[in-house]
Structure formats: structure tokens, C-alpha cells
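Please read the structure below before turning to the comments.
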Amino acid sequence: MSVRRKLFFTIASFIVGMGIVYGLMTQFVIAGILKGVLDVDRRPQVEALTQAFLDYYAQHGESWSGVERLEVQLPSVEHIADIGYALLTKDTEGTPLIKTGNVDVEQMLGLGIRKKLKWEGNTIAILVYYDAEVAKSAKLHYGIRGSGIFILLVGMILFVSLSLWVAFLLSKRLTAPLRSLVTGIDRLGQGELGVQVPVVTKDEYGTVANAFNLMSTQLAQAERVRKNLTADVAHELRTPLTIIRGKLDQLQQEGSLIEPERLLSLQDECIRLTKLVDDLHQLSLAEAKKLHLEKKRTSIPELLERCIERVRLDAEHKFVNVTLLSGPNVPLVEVDPNRMMQVFLNLLVNAVRYTPVGGKVQVRVEAGAGETDAGKLLIQVSNTGDGIDADQLPLLFNRFYRTDEARTRNSGGMGLGLAISQELVRLHEGSIEASSVRGKGTTFTVKLPIF
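The following block contains the structure:
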């Protein structure tokens, strides 16, 4: 059974149940009101008759023989006509034992006041008292009660019908977003990645729809990344393999002894292939969180000084000034020094590489402040290069991405360094982000938790 039907039947059952309860309660209330308002007090007359008949029954050996000759003096009832009473056997069938008044027994039974006469716990007869006022009150009671029941039934039918119609529309409206979501899930299951469902509400359905749209978008992006990764890896492998094959074909065609120095280019390409495979393997392990970390309390400024020493020679060739600014009492952080050195080296190498001659590279280390950066250590690597367009910043950490597609693999790297750096920082429960202004330079910020 669909959710819509379950919801409709649940609401419908509740409405019908509440209608029945309301009807019964209303009926009891009306009956109580009518009894209190319309009933007339004839207790003295009924009690006098009851006592007289019970006395007669006891005095005659628990028998009604000759009771028709009994005359009972009733308390007077002013301005009331057609006063009478009847004594019937306990099954109310047959000829009454005694009857007075001008109305027949059937009318007395329908409009009079009944009372069971009991002797030693058993019903021995039924006494019926009747007068014009009692009959009038009974007629009003039955008429008003019947009218009330009719009006109540009609009202209940209209109320339940209208409520069921509203429940039907409500169940249809409430499950409409769910039906759209199911349709989207079916399309996604058939391979239509990136499919979006409309978000028409701001409640839980809207939250689920937004989550589905985000998941669908991420799946589409992951599929594009997978296809791009395959194409990029093939391209990265094709270039060195083509070079190696061309060199080998040339050497084979020459048919002469190969001088060792002529093999250096082949060795360089083999090294590039090995590094590419190693980087891809390391990136896959980092993304799967299977990369082993040997964490220990480390001084980040000291680690950065060692990194700067390794890039200083390249920086001096370009007359690039690399400086380290570190505040006093920088707290130690628990990291894997080798992995974090890999991150900082990659950032410094890129900073020097993309800084023009005579530019500057600045590294700043400081404890974070404010609500967002409290309890974190901030490491910023900035350069005075050309900068990066804002639309390219979110793509910097993608595999094989380059801001300048014209840059060769030898001069621009393979485009895996930032992707690996990001995963390594995430493994340390930190974050890395980039900001840039065209013509002024780029800043990479690494945030590491302080334990």
C-alpha cells in the first residue's frame, strides 16, 4: 500500500472515530438536558401507588388476586386532567391487572412513567403512571430527541464527507513531493546522473529533496571526474611512452652502439612515469583514508624552515625572496612531519614556480583567532605572482588541473600535487583553501587543529 493511501486511511479512520465519539457524546448530553428540562416530578404519586400495591401483594399472600377492586388515593395534581394508572404483569403482555383513567394501556406505556415493582429482589409487576402533563413532556422529549438525532446524523455525514475530502486532498498534497522524489530516484537508478527534483516545500520533504539533488549533483561530478581522470591518466602516460618509443625506434634504426648519455632522456621519462604512478597510488590511498600516518608533536615553524631551505636554490635563481614570519610561542601540533613537509614543499615549489623574477614568497604561521579559527594553527603561503581567476579557485585541488593549459608537463608539473596536499591535510583533520587577486598574487592557507 502506498504512503498516500496509508495516510488517507489513517486520517479517515481518525475522522470517522472522532465523528462517532462526538455523536455519542452529543446524544448523551442532549438526553441529559431533555431529562432535566422536560421531565415532570410525579414521585409522590408513583411512590403512593408503589407502596399501596406492594402492601396489597404482601397482605394477600404474595398474590394479585382481587387487585382490580383496589382503590388508591393519590396525592392531588392541580390543573392536570386524564390522570390514570395501570398495573401490568412483569412481561407487559396481556390484560392489565388494574387500570384507571380514560386512555388505553398502549398510550400509557408509550407516554407514561414506568416503574418495576420488586419483591425480595424479583420483579413482580410493572406500574405505569399517566397524566396529561407527563404525556406532553414525553411527546416533547421524543420529538426533540428524534429531531436532534436526525440533525446530528445529517451533520455527521456532512462533516465526515467534507473531512474525508480534505483528508484526500491533504494526503495527495503531502505525498506529492515524495512522488517527485521517487521519480527522481528511478531516473537516477537508470543512470541519469545529475537529475534534479523540484524543491517545493521548506519542511522535511524539502530537506530530503535538497539532499537528493546534492547527492545527484555529486554523483554526476564524480562520474565526470572519473572520466576526466581516465582521460588525463591516458594523456599523462601517452607522452612519456611516445618519447620512449620514439627514442627506442631511432636507436634501433641506427643499428650502432648506444652511448650511455643518449639513454639519459629515456631514464628521465621512466622517472616521470614512476613518479606519476607513485603519486596516483598515494592519492588513492589518501582518499580511501588508508595512508599510514606517524603523528607526533611537531614545531611547524621548524618544519617550514627546512622546506624553505630545499627551495631556496630555485628561488635564488629567479631572485625570489622567500621569508618566514612566525609569532612567538607558536603551539606544537600533532602531525606526521614527513607528510606535512610534503604538503608545504608542494605549496612552496608552486609559489616559487609561479612567482615572476624578483618577486616575493612569504610564509606566515600564527594561532587562529575568532569563532571560526579558534583552536587552529594557520599556515599561509603567499606569492606576488599573476594570481588566479576566481572561477578557477574551486578547481585547483582537482586531479591534473592546471590554470594555464598551455603550460607543458615539464614546466608545470602533472597537476597532482595540490590534490595530494588536500587529502593529506584532511587526514590531519585540517583544511586547505586558496584565495587570489589577479595581478597581486595567490595565498594558500592551511589550517591544522591544535590539540
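Residue numbers (the working numbering): 5 to 455.
Here a beta-carbon is modelled for each residue, glycine too, at the ideal position from N, C-alpha and C.
A129 is a Cβ neighbour of K94, given a cutoff of 8 Å. P341 and G445 have their C-alpha atoms some 28 Å from each other. Counting other Cβ atoms within 10 Å of its Cβ, D283 reaches 16 or more and is therefore classed as buried. Cβ contact annotation for E309 (same chain, cutoff 8 Å, sequence separation greater than five): L328, in chain order. By the Cβ test, the stretch 428 to 436 is in contact with the stretch 330 to 345, since at least three Cβ pairs between them sit closer than 8 Å. With respect to R191, V203 sits apart: the two C-beta atoms are not nearer than 8 Å.
Pairing K120 with T127 gives a Cβ-Cβ distance under 8 Å. Comparing alpha carbon positions, the residue from I117, L422, H285 and V132 closest to L351 is L422. Note on geometry: alpha-carbon atoms of L156 and T179 lie some 33 Å from one another. T327 is bridged by DSSP to Q366. Separation of V353 and V315 (C-alpha to C-alpha, rounded to the nearest whole angstrom) is 7 Å.
Beyond the five residues adjoining it in sequence on each side, F323 comes within less than 7 Å, by CB distance, of V361 and G362 in the same chain, given in chain order. Considered as a whole, the stretch 256 to 317 harbours 300 to 302 as its complete beta strand (DSSP E) runs of no fewer than 3 residues, in chain order. Rounded to the nearest whole angstrom, the CA to CA distance from E313 to L255 is 41 Å. In this structure, Q384 places its C-beta atom within 8 Å of the C-beta atom of T447. When secondary structure is reduced to three states using DSSP, T446 falls in the strand class. As computed with DSSP, E338 is found in a beta bridge with R301. Bridge partners of A129 according to DSSP: L121. Per DSSP, the unbroken beta strand (DSSP E) holding Y89 starts and ends at G88 to L92. Spatial neighbours of Y209 in its own chain (CB-CB distance under 7 Å, excluding positions within 5 residues in sequence) are listed in chain order as P181 and L182. Exclusion of the five residues before and after R442 leaves G391 as the residues of its chain whose Cβ lies within less than 6 Å of its Cβ. Shown here, A139 sits in a helix according to DSSP, grouped into three states. Cβ neighbours of P100 within its own chain (closer than 7 Å, five residues either side excluded): A90, L91, L92 and V109. Rounded to whole angstroms, Q49 and G88 show a C-alpha spacing of 10 Å.
With respect to the C-alpha of V170, the residue from I19, E375, V44 and I102 having the closest C-alpha is I19. Spatial neighbours of A438 in its own chain (CB-CB distance under 6 Å, excluding positions within 5 residues in sequence) are listed in chain order as L397, L400 and F448. The three-state secondary structure of N387, taken from DSSP, is strand.
Closest option to V138, judged by alpha-carbon separation, among D207, R47, T187 and E227: R47. Around the Cβ of P335, a 10 Å sphere holds fewer than 16 other Cβ atoms; the residue is exposed.
The alpha-carbon of G150 is positioned some 10 Å away from that of K143. V212 is positioned such that its CB atom lies no closer than 8 Å to that of L174. For M160 and M22, the gap between their C-alpha atoms comes out near 10 Å. Judged by DSSP in its simplified three-state form, Y61 adopts helix.
For the 8 Å CB-CB criterion, I102 and L58 do not form a contact. Cβ atoms of I454 and G379 come within 8 Å of each other, at about 6 Å.
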